[in-house]
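In what follows, a structure is listed as C-alpha cells, so that the remarks can point back to it.
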Amino acid sequence: MKMKMKMKTKTKTKTSECDIVVVGVGGQGVILLSSIIGKAALKAGLPVRSAETHGMAHRGGSVINHLRIGCMFGPLVPVGGADILVALEPAEALRYAHYLSKDGVALVNTKPVLPSTVTSGQSKYPPLEEILAPLQRICRGIKTFDATKLAVKAGNPQTMNVVMLGALSKYIPLREEMLIESLTESVPAKFLDVNRRAFELGKREG
Amino acid sequence: MREYLLGNAAIARGILEAGARVVASYPGTPASEVVEILAPLAKKYDLHVEWSVNEKAALEVAIGSSWTGMRAAAVMKHVGLNVAADPFMTLAYTGVRGGLVVIVSDDPFCYSSQNEQDSRRYAQFACIPCLDPADPQEARDMTIYAFELSEELELPVLLRSTTRVSHARADVEVGQPKETRATPQFLKNPARWVALPAHARPRHSVLLEKQDAIKSALEKSPWNQLVLQGRSELGVIASGISSLYAEEAIKQLEAEADISFLRIGTFPPPEGLCSEFIRHVSKVMVIEELEPVLEEYVERVARVHNPDIEILGKRSGHIPREGELDPYIVRNAIADMASLPLVEPPSQSLREAAAILPPRPPALCPGCGHRAAYYAMREAFGTDAIFPSDIGCYTLAVDMGTIDTCLCMGSSITIGCGIRFSGEERDICCSIGDSTFLHTGLPGLLNAVYNKAKITVAILDNSTTAMTGHQPHPGTGVTASGDKTKSVSFEALARALGADFVETVDPYNVKATIETFKRARDYQGLSVVIVKRACVINERRAGIMRKPFMVNENCTGCRECVEFGCPAIEFDGDSARINSLCTGCGVCAQICPNDAIEMVK
Chain A
1 MKMKMKMKTK TKTKTSECDI VVVGVGGQGV ILLSSIIGKA ALKAGLPVRS
51 AETHGMAHRG GSVINHLRIG CMFGPLVPVG GADILVALEP AEALRYAHYL
101 SKDGVALVNT KPVLPSTVTS GQSKYPPLEE ILAPLQRICR GIKTFDATKL
151 AVKAGNPQTM NVVMLGALSK YIPLREEMLI ESLTESVPAK FLDVNRRAFE
201 LGKREG
Chain B
1 MREYLLGNAA IARGILEAGA RVVASYPGTP ASEVVEILAP LAKKYDLHVE
51 WSVNEKAALE VAIGSSWTGM RAAAVMKHVG LNVAADPFMT LAYTGVRGGL
101 VVIVSDDPFC YSSQNEQDSR RYAQFACIPC LDPADPQEAR DMTIYAFELS
151 EELELPVLLR STTRVSHARA DVEVGQPKET RATPQFLKNP ARWVALPAHA
201 RPRHSVLLEK QDAIKSALEK SPWNQLVLQG RSELGVIASG ISSLYAEEAI
251 KQLEAEADIS FLRIGTFPPP EGLCSEFIRH VSKVMVIEEL EPVLEEYVER
301 VARVHNPDIE ILGKRSGHIP REGELDPYIV RNAIADMASL PLVEPPSQSL
351 REAAAILPPR PPALCPGCGH RAAYYAMREA FGTDAIFPSD IGCYTLAVDM
401 GTIDTCLCMG SSITIGCGIR FSGEERDICC SIGDSTFLHT GLPGLLNAVY
451 NKAKITVAIL DNSTTAMTGH QPHPGTGVTA SGDKTKSVSF EALARALGAD
501 FVETVDPYNV KATIETFKRA RDYQGLSVVI VKRACVINER RAGIMRKPFM
551 VNENCTGCRE CVEFGCPAIE FDGDSARINS LCTGCGVCAQ ICPNDAIEMV
601 K
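First to last, the sequence lines map onto chains A and B. Residues in the first sequence are numbered from 1 upward in steps of one, following my numbering. Residues in the second sequence are numbered from 1 upward in steps of one, following my numbering.
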C-alpha cells in the first residue's frame with residue numbers, strides 16, 4: 001500500500017473516553033488490576049472494553065492489557081493513543097511506551113523484575129534513568145515511585161498492583177467509591193484491609 | 001442484567017442460557033475458559049461438562065448427546081478442529097437432533113499456537129453455517145442463536161471466536177439460564193446415524209439441498225447490518241472483530257456520511273444485503289482477519305451484480321492475510337480508499353526500547369521438573385542426539401537443545417519413528433507431556449512399538465495440563481467438575497501398548513534421572529521413561545513448601561548452575577546467587593561441581 005505520509009498523530013474524533021494500557025510481567029497482577037477497573041466502569045454504567053494476555057506469554061513473559069473506558073468499539077488501544085500507561089515494572093514501561101499518546105501520562109513502578117536473560121548474564125538490565133528518559137520525552141508527564149516497597153509497607157508485596165490502582169485512580173473517569181467497591185468484590189475478604197492500605201498509599205503517589 | 005465478562009465467559013453464559021445438556025472440550029488457548037467457567041456450575045444446572053482426552057472425543061461426545069435430542073457443545077482451539085475434523089465433516093451429512101454448536105477459537109498472530117488457520121474455511125468445507133462474533137456480547141447472543149439455528153436446520157453450527165473476542169472483556173447483557181429441557185431419547189434410524197455408503201450418498205444430497213435454507217436463515221438473522229449512505233460511491237464491508245475496527249476508523253475519519261458500511265457476522269454472508277451493497281457503491285474495501293473468505297464471496301457476487309466495482313482488501317495489499325488486524329491497519333486502509341490523510345505507521349517500539357531493553361521471553365518456572373528432565377536427557381544422550389518434542393509448557397525449554405521438532409499434538413513419537421526409519425542412526429529421544437500423551441500420543445506409541453522403532457520416549461508427567469491453565473486429565477484421578485475418577489497409570493499404559501522397557505524417575509533426583517536415560521538409550525528396542533514430578537504451580541497451590549537453597553563460599557563462578565537456566569539463579573559478575581524465586585527443588589545443588597549450593601538452614 002502506498003503511504004501518503006502526513007503528520008497527524010491525534011485524531012479529531014474521540015472514540016473512547018479513556019484508553020489505558022496496563023503492562024508488566026506475568027504473575028504481577030496485570031489482569032486483576034484491569035478487571036477491577038473494568039468492573040468499576042460497569043458500576044458507573046460506562047461501556048468498557050479490554051483485551052488480555054493469556055496462555056503461553058504468561059509464563060514469566062512480558063504482558064500487556066488494553067482497557068478502554070467509555071468505548072463501544074474494539075478492545076485494542078491504538079498505538080500512540082493511550083491516555084495512561086500503567087507499568088508494574090520499569091523495563092515494561094519502555095517496552096510499551098509507543099502506545100502512549102503525546103498528551104498521555106505514564107505511571108511507573110520503579111522496582112525492576114529481572115528477566116531470565118539478565119539473571120543468566122546474556123543481557124544487561126539498563127539503569128533506571130536510561131529507561132525513564134525516553135518516556136519523559138514522548139508524553140505529557142510521568143510519575144515514578146517504588147510501588148513494590150509501598151506494597152510491603154501496606155503489609156503484602158503482592159498488593160503492588162493495587163498500589164498502582166490507587167495511583168491511577170486520580171486519572172480515570174471513575175469515582176473512587178466505585179473503584180473501592182470493585183476492589184472489595186475482587187479480593188478475598190481477609191486481604192481487604194491490606195489492599196485498602198495499598199490503595200491509599202498509591203493514591204498519594206498519583 | 002449486565003456483567004463484565006470475558007468473551008469465553010460470555011460463550012459459557014450463552015451455553016447455560018440455551019439449556020445445553022452436554023459440553024465437552026479439550027483445553028487449548030484461547031478457548032479453555034469456556035469449560036473452566038462451566039465446570040463448577042455443572043451440578044447446579046444438571047449439565048455434563050467434561051475435559052475429553054482430545055477434540056475428536058469431545059465432538060463425538062457432543063454428537064451422541066445431540067442425537068438423543070439434547071443440546072450439546074464441543075469447545076476447542078482452532079487446531080483442535082483438525083483433530084476433530086473426521087467426525088466434523090461427516091456430521092454435516094448425518095445432521096443433528098438437539099442443537100449442536102462447535103465452538104472454535106482462532107488465534108490470529110499465533111499468540112499461543114503453532115499456526116493461524118482460519119476456521120471459517122472449515123465451515124465452508126463442511127457446508128455448514130458459521131457465526132463470527134465481534135465482541136463478548138455477540139459471542140453470548142450468537143451462542144444462543146446458534147443452538148436454535150442448529151435445530152432449525154438439523155445441522156451443526158460453527159461459532160468461530162478469535163483471541164481478541166475470547167480474551168476480551170466487556171459489559172455484557174445476560175439473561176437467565178434455561179431450566180427446562182426435553183427428555184433424552186435416542187431414536188433408532190440407521191439411514192441417518194449409520195454412515196454407510198448407501199446412506200451417505202443420499203445424506204450428501206440432503207446437505208446440498210439444505211444450502212438454500214442456510215442462506216435464507218442467515219439472511220434474516222440480526223448479525224448482518226447494512227448502512228447505505230445515499231451519495232456515497234465508497235463502501236466498507238467487514239466481518240467479526242474487524243467490523244469494530246472499521247466502525248471506529250470511519251468515525252475517527254469523520255467519514256460516516258461518505259462511506260456505506262456492511263457489517264457481516266455470518267458465513268455464508270447474506271446474498272441479498274451483499275448484492276444490494278455492491279450495486280450501490282463503485283469501490284469497496286473488504287476487511288477481515290486471516291483468509292479472504294468474505295473477499296472471495298464479494299468477488300463472486302460482484303461478477304453478477306456490479307462487474308465494474310473496484311474491490312480492495314487482501315488482493316490489493318491493503319489488508320494483510322497473516323497476523324491480526326488492529327485499529328491502525330484498518331484506519332489507514334479505509335483512509336487510503338477515501339483519499340484521506342494516512343497516519344504514520346506506528347513504531348513497533350521506541351528506538352531506545354529496541355536498543356537497551358533485555359528480552360523477556362516466557363520461560364519454564366523456577367523449580368519446574370521439565371527443566372531438570374531436559375538437563376538429564378542432554379547429559380545422557382549428548383547434544384548430537386535427535387530430540388523430537390511436542391506441545392506444552394516444555395516447548396519453552398527450546399533453548400536447552402533438547403527440542404528439535406514441534407509440529408502438532410502427539411507428533412513427537414511418530415516423527416521420531418520417521419526419522420529412525422529414514423535411516424538416521426543417531427540416538428532419538430522424544431519428549432511428550434502427560435496430557436499430550438493421552439491426547440494423541442497413545443496411537444503414536446503403539447505405532448512405534450508395532451513397527452519396531454528403536455527410540456526412547458520420555459513422558460514428562462507433571463500431573464496436569466499446565467500450559468492451558470492446569471486442567472485435570474485421565475492421569476489425575478479428577479474430572480472437570482471435580483469428581484474423583486479412575487487415575488490411569490502411564491507405566492501400565494506404556495506396557496499395554498507393548499513397550500518392554502518402562503521406568504519411572506523423579507527429575508529432582510538428577511543422577512538417577514541421567515542413569516535411567518542412559519539405560520533407556522542403550523536398550524535394544526523401544527524404551528519409555530516416565531519423568532514424574534508435579535507442576536510447581538500446583539504444588540504451591542497445594543501448600544507444598546520446601547526450604548530454599550543458597551550459594552556458599554565454595555562458588556568459583558564456573559556458571560554451570562547459571563547455564564541450567566533457572567530464573568532463581570542469578571550471576572553477579574564473579575559468583576552465582578539464588579534469589580527469592582527459589583522453590584527448593586535442589587537440582588542446581590546437584591549440578592554444582594564445587595558443592596557451592598546448599599539448603600538454607
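Yeah, the Cβ is synthetic: ideal placement off N, Cα and C, and Gly gets one too.
Under 7 Å Cβ to Cβ from residue i, same chain only, skipping five residues before and after it: list those, please.
i, result
"B/R71", "A18, G19, A20, R21, G98, G99, F147"
"B/P474", "V53, L438, V488"
"A/G141", "V105"
"B/A302", "I278, I309, I311"
"B/A217", "L149, E152, L153"
"B/T504", "E491, I530, K532"
"B/C110", "E116"
"B/V227", "S260, F261"
"B/G441", "G410, I413, I432"
Which same chain residues end up closer than 6 Å to residue i when comparing Cβ atoms and leaving out the 5 residues on each side of it in sequence?
i, result
"A/M1", "Here A/M1 scores only 37 on pLDDT, less than 50, and its place in the model should not be relied on; the value that follows carries that caveat. Answer for A/M1: no residue qualifies."
"A/K8", "Residue confidence for A/K8 is low, a pLDDT of 39 falling below 50, so the modelled location carries little weight; the figure read from the coordinates is stated next. Nothing listed; no residue qualifies."
"B/P548", "C582, G584, V600"
"A/F145", "E205"
"B/Y374", "A397, M400, T402"
"B/I681", "One cannot answer for residue 681 of chain B here, as it falls past the ends of chain B, which runs 1 to 601."
Under a Cβ-count criterion, where at least 16 other Cβ atoms within 10 Å of its own Cβ denotes burial, should residue i be classed as buried or exposed?
i, result
"B/K210", "buried"
"B/F387", "buried"
"A/K39", "buried"
"A/T11", "Note on A/T11: pLDDT 47, under 50, position unreliable in the model; the coordinate value appears next. Counting Cβ neighbours within 10 Å, A/T11 comes out buried, since at least 16 surround it."
"A/Q28", "buried"
"B/I544", "exposed"
"B/K220", "exposed"
"A/K6", "Confidence at A/K6 is low in this model, with a pLDDT of 38, below 50, so the placement of that residue should be treated as unreliable; the coordinate-derived value is given next. With fewer than 16 Cβ atoms within 10 Å of its Cβ, A/K6 is classed as exposed."
"B/R541", "exposed"
"A/K4", "Caution is warranted here: a pLDDT of 39 is assigned to A/K4, below 50, making its placement in the model unreliable, and no coordinate value can be reported."
"B/K486", "exposed"
"B/R201", "exposed"
"A/S35", "buried"
"B/Y450", "exposed"
Can you give the beta carbon distance from residue i to residue j, rounded, assuming they're within the 8 Å contact cut?
i, j, result
"B/S119", "B/V104", "5 Å"
"A/T184", "A/L192", "6 Å"
"B/Y45", "B/P177", "6 Å"
"A/R49", "B/A168", "7 Å"
"B/I241", "B/T143", "Actually they are not in contact, since the Cβ atoms of B/I241 and B/T143 sit about 16 Å apart, beyond 8 Å."
"A/S116", "B/A466", "Not a contact, Cβ separation roughly 18 Å."
"B/P108", "B/E248", "B/P108 to B/E248, Cβ: 18 Å. No contact."
Would you call the CB atoms of residue i and residue j closer than 9 Å?
i, j, result
"B/A376", "B/T583", "no"
"B/A520", "B/V529", "yes"
"B/F501", "B/G525", "yes"
"B/S239", "B/V293", "yes"
"B/R351", "A/S62", "no"
"B/L131", "B/L158", "yes"
"B/I334", "B/A458", "no"
"B/S260", "B/L234", "yes"
"A/P112", "A/Y99", "no"
"B/S481", "B/P40", "yes"
"B/V165", "B/R2", "no"
"B/A596", "B/V551", "yes"
"A/G121", "B/F571", "yes"
"A/G24", "A/N161", "yes"
"A/L94", "B/I356", "yes"
Beta-carbon within less than 8 Å of residue i's beta-carbon, same chain only, minus the 5 sequence neighbours each way: which residues are those?
i, result
"B/Y508", "G369, A372, R533, C585, G586, V587"
"B/Y463", "Reading off the sequence shown, one finds Ser at residue 463 of chain B, where the question assumed Tyr. If we look at B/S463 and ignore the five residues flanking it on each side, its Cβ neighbours are D434, G475, T476, K532, A534, C535, N538."
"B/T468", "P27, G28, T29, S32"
Residue i CB to nearest chain D CB: under 9 Å?
i, result
"B/F571", "Checking the listed chains, one finds no chain D in this structure; the protein chains it contains are A and B."
**Q.** Segments of 4+ residues assigned as alpha helix (DSSP H) that fall wholly inside the region 27-102 of chain B
**A.** 33-38, 55-67, 78-83, 85-94
Q: Pick out the complete alpha helix (DSSP H) segments inside the region 416-487 of chain B, 4 residues or longer, and give them in chain order.
A: 442-450
(Q) Could you tell me which whole alpha helix (DSSP H) segments of length 4 or greater appear in the region 504-591 of chain B? (A) 510-522, 536-541, 560-564, 587-591
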